[in-house]
Amino acid sequence: MIASTKVAKAQRDIRSSVMIENATQNAGEMIGKLTMTYNRGRQAVITNELIDIITGASALENIH
């Protein structure tokens with residue numbers, strides 16, 4: 003009886019460890035995807051600002 007209780011507890015502990023490991027891995031993947039999305043959005047803003055600056059500088063050159 004005591005041995006089966008210990009086995010059952012060990013099995014629960016293993017399942018719990020596996021679930022925690024999977025959750026940690028999933029969180030890491032989600033963080034990676036969100037970071038990529040954020041960086042793409044930030045890069046788009048930077049690119050648009052550079053286009054505005056270059057367009058403005060080009061317009062100024064054409065005036066002079």
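The working numbering numbers the first residue of the sequence shown as 3 and each following residue consecutively. All residues carry an ideal CB built from backbone N, CA and C; glycine is no exception.
| query | result |
| --- | --- |
| Rounded separation between leucine 62 and valine 47 - CA only | 23 Å |
| Backbone secondary structure at methionine 21 - three-state DSSP | helix |
| DSSP state of methionine 3 mapped onto helix, strand, coil | coil |
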